[in-house]
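**Student:** Before we start, here is the structure in question, set down as C-alpha cells.
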Amino acid sequence: MTQHSAPSQQSTWALYAPFVPVLLVFLGSLVFALAKSSALERDMRIAVTQNMLWVVSQTQMELMALTLATSPSDRDAGRITQRFDLTLSRLNLLQQGPQARYLEDLGHLETVQGMTAALLALDPQENGNRPELYADLFRLSESLHPEVNRIANDVMTTDWDKAAARLDAYRGTQRLIILAVAFAFLVALAISWIMLRNQRKLHLSELRHLRASSLLEQERDISSMYRDFAALVSHQLRTPLSLIDSAMHRLARKGDDVTAKDVTERRVIIGDAIGRLTRLVDTVLLLAKLDNDQLEARFSPIAMNAVAQGIVDEAQARHPQRVLRLSSTDGPLMARGDLHLAGHIIDNLVSNAIRYSDADTPVELHVFAQGFEVACAVTDLGQGVAPCDQPHLFNRYYRGHAQKAGDGTGLGLALAQELARFQGGRISFETWPGKGSVFTLWLPVARQAEQVAS
0 MTQHSAPSQQ STWALYAPFV PVLLVFLGSL VFALAKSSAL ERDMRIAVTQ
50 NMLWVVSQTQ MELMALTLAT SPSDRDAGRI TQRFDLTLSR LNLLQQGPQA
100 RYLEDLGHLE TVQGMTAALL ALDPQENGNR PELYADLFRL SESLHPEVNR
150 IANDVMTTDW DKAAARLDAY RGTQRLIILA VAFAFLVALA ISWIMLRNQR
200 KLHLSELRHL RASSLLEQER DISSMYRDFA ALVSHQLRTP LSLIDSAMHR
250 LARKGDDVTA KDVTERRVII GDAIGRLTRL VDTVLLLAKL DNDQLEARFS
300 PIAMNAVAQG IVDEAQARHP QRVLRLSSTD GPLMARGDLH LAGHIIDNLV
350 SNAIRYSDAD TPVELHVFAQ GFEVACAVTD LGQGVAPCDQ PHLFNRYYRG
400 HAQKAGDGTG LGLALAQELA RFQGGRISFE TWPGKGSVFT LWLPVARQAE
450 QVAS
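Residue numbering for the sequence shown follows numbering that gives the first Met the number 0, beginning at 0 and increasing consecutively.
Set out below in C-alpha cells:
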C-alpha cells in the first residue's frame, strides 16, 4: 500500500509543479500593478499640493498694493501699515519650509532675504509715519517689482518643466500598469488552463481504479464543476480586469491632456475592481475550505454590534454616496462565534443590500437579542426577491431571474448560510416583492461564563 501511494503523490506533485511558478508570476504582476498605481496616486497628490507660483503671485499683488498705497497721490497711514505688514508676511512665507528650499534651488533665496531686510529697515511702526519714509517705501517697492517678476517667471518656467517631466513619468507608469495587468490576465488564463489540464489528468488516472457506474457519476459532477468554474472566470474574474484595462487605456489615450481628476477617477474604478477580485477570491477560498473540512475557527464571545459597526464603516468608505444606518439595543450584545466569519457574513448581506437597491434608498442594520440568540438584521428598500427565486436563494451558483448577466456569482448567500451553520447559527429572510427585504444573521448567545472569561 505504501509503495503504491508514494508514486501517486509523486505524480500529483509532477502535475502541479508547473502551476507554482505560473502562480508566482501572476501574483507578482498584480503586486507590480498595484505598487505602480499607488506610486502614481501618491506622486499626483504630492504634485497637486506644491503651489509655489500662487505664493509668488500673492507676493507680487501685495507689493503692488504697497506701491499704490505709498504713492504721493494717495497716502493713508493705516492703509500703508496694513499693506506693509501683508507684503512682509508674504516675503516671510517665501522663506519658510518648502518655499525656502524651492527658492534656494532656483538661487533666489538670498534675493528674497535682501528684500525682507530692506523693507524691515523702513518699517513705519519702527521709524514713524513720515512723508520721507513713505517716499522711501514707494521707491523701494518700485525697485523690487522687477526682482519679484523675475522670480515669478523663473518659478513658472520651472513648474512647467516639472509638470512636463511628471506627465512623461505618468505616461510611462500607465504603460507599465497596462502591460502588468494584461500580462496578469494572460497568466490567469494560463493558470486556469493548467488547473483544468491537471484536474483532467488526475481524473483520468482515477478512472482506471473505480467501477464504471461510480466513474460516470464522478464525471458528471466534475463536468458540472468545470462549467460553473468557467462561468465564474468568464463573468467575474474577467470583468474587473477588463475595467482596470479600460481605465488604463482611457488614460493612455488622453496623452498630454491627462489631468489629476482623470487619474483620480480611474484610480477609484481600479480600486473597486481590485476589491471585487479580492472578495471573490475570499469567497472561493472559504468555500473550498468548507468543502474539504479545512476551515478553522476561533469561537469566542463577540460583540455583534461592534462587528456590525465595523462592517458599516468599511461599506460606507466603499460607497460614500449611500446612506447606511446602524441601530442596536443598549450595551454590547455578545454572541458566540468566530469574529472573522461573522464579519464576512454581515459584509455579504450589506453588499447585497447595496447592490440590489436604489442608490437613493437607505440600508439599515439592527442588532438585537431574542431568546437564546443574538441577531443582526440587514434591511433594504430594493425590489425584493421574486417568489420563484425564494426556495433557491441559498443554493450554490443560483442567480435570481431579476439579476443582470454578470451580476453576482451565486456563491455569496450560499457561503453565508454555510458559515452561519458552521458557527451554530442560521440566516433567515423576509421579502416583499417591489418593496424590499430583510436578511438576518442569527448566532447563539454567548454563555455568561464565556463572557466573564473574555
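In this text, a Cβ means the ideal position worked out from N, Cα and C, and glycines have one as well. As the structure is a computational prediction, the values presented were derived from the model and not from experiment.
Less than 7 Å separating the Cβ of Gln98 from some heavy atom of the ligand GTP?
**Tutor:** By its list of ligands, the structure shown contains no ligand whatsoever, and the ligand GTP lies outside what it can speak to.
**Student:** For Asp359, does the three-state DSSP call read helix, strand or coil?
**Tutor:** Three-state result, Asp359: coil.
**Student:** Where in the segment 120 to 161 do unbroken runs of the alpha helix (DSSP H), each at least 4 residues long, occur, reported from the N-terminal end onward?
**Tutor:** Runs of the alpha helix (DSSP H) inside the segment 120 to 161: 123 to 126.
**Student:** Under 8 Å Cβ to Cβ from Val55, same chain only, skipping five residues before and after it: list those, please.
**Tutor:** Around Val55: Leu93, Val147, Ile150, Ala151, Val154.
**Student:** Please state the DSSP three-state secondary structure of Glu61.
**Tutor:** In the structure shown, Glu61 sits in a helix (DSSP, three-state: H, G or I).
**Student:** So Asp455 is in the alpha helix (DSSP H); what residue range does that whole segment cover?
**Tutor:** Summary: the structure shown does not reach residue 455, with the chain confined to residues 0 through 453, and so no result is reported for it.
**Student:** Counting pairs of beta carbons, one from the segment 103 to 115 and one from the segment 168 to 181, are three or more of them closer than 8 Å?
**Tutor:** The answer is no - the segment 168 to 181 does not touch the segment 103 to 115, with fewer than three Cβ pairs under 8 Å.
**Student:** Of all the options Gly424, Ala316, Arg395, which has the alpha carbon lying nearest to the alpha carbon of Ala334?
**Tutor:** For Ala334, the nearest C-alpha among the options comes from Gly424.
**Student:** What residues in its chain sit with their C-beta under 6 Å from that of Leu418, if we drop five residues either side in the sequence?
**Tutor:** These residues qualify, in order along the chain: Leu340, Ile344.
**Student:** Report yes if the C-beta distance between Ala332 and Val373 is below 8 Å; otherwise report no.
**Tutor:** The sequence shown places Leu at residue 332, not Ala. A contact, by the Cβ cut-off of 8 Å.
**Student:** Give me the Cα-Cα distance between Ser140 and Arg100, rounded to the nearest whole angstrom.
**Tutor:** About 25 Å.
**Student:** Taking the C-alpha atoms as reference points, what is the distance between Ala189 and His202?
**Tutor:** Between Ala189 and His202, the C-alpha separation is close to 20 Å.
**Student:** Roughly how many whole angstroms lie between the Cα atoms of Trp431 and Arg266?
**Tutor:** The alpha-carbon atoms of Trp431 and Arg266 are separated by roughly 38 Å.
**Student:** CA-CA distance, Met194 and Arg317?
**Tutor:** Their backbone Cα atoms lie some 33 Å apart in a straight line.
**Student:** Nearest to Leu338 by alpha carbon, out of Gln422, Phe393, Gln112?
**Tutor:** It is Gln422 whose Cα lies nearest to the Cα of Leu338.
**Student:** Nearest-angstrom Cα distance between Ile426 and Tyr397?
**Tutor:** Going from the Cα of Ile426 to the Cα of Tyr397 covers about 17 Å.
**Student:** Is there contact between the segment 346 to 364 and the segment 306 to 324, where contact requires at least three CB pairs shorter than 8 Å?
**Tutor:** Touching, per the Cβ criterion.
**Student:** Shortest alpha-carbon distance to Val311 belongs to which of Leu294, Phe371, Ala352?
**Tutor:** Of the listed residues, the one whose Cα sits closest to Val311 is Ala352.
**Student:** Going by other Cβ atoms of all chains shown within 10 Å of its Cβ, with 16 needed for buried, is Cys375 buried or exposed?
**Tutor:** When all chains shown are included, Cys375 counts as buried.
**Student:** Hey, Leu87 and Thr115: beta-carbon distance below 8 Å or not?
**Tutor:** Going by C-beta atoms, Leu87 is nearer than 8 Å to Thr115.
**Student:** On the DSSP bridge assignment, give the partners of Phe83 in chain order.
**Tutor:** The partner list for Phe83 (beta bridge, DSSP) is empty, contrary to what the question assumes.
**Student:** With Ser436 and Asp388 assumed to form a contact (beta carbons below 8 Å), what rounded beta-carbon distance in angstroms separates them?
**Tutor:** That belief does not hold up - the Cβ atoms of Ser436 and Asp388 are roughly 11 Å apart, past 8 Å.
**Student:** Which residue wins for smallest C-alpha separation from Asn347, given the options Leu26, Ala445, Ala314?
**Tutor:** For the residues Leu26, Ala445, Ala314, the minimum Cα distance to Asn347 belongs to Ala314.
**Student:** Nearest to Ile243 by alpha carbon, out of Thr258, Val262, Arg165, Ser350?
**Tutor:** Of the candidates Thr258, Val262, Arg165, Ser350, the one whose C-alpha sits nearest the C-alpha of Ile243 is Val262.
**Student:** Output yes or no for whether 8 Å exceeds the beta carbon distance between Arg78 and Gln57.
**Tutor:** No, they are not a contact pair.
**Student:** Quick one: what's got a C-beta closer than 7 Å to Arg297's C-beta in the same chain, skipping five residues either side?
**Tutor:** Around Arg297: Asp337.
**Student:** Helix or strand or just coil, what does DSSP make of Gln416?
**Tutor:** Of the three classes helix, strand and coil, the one that applies to Gln416 here is helix, per DSSP.
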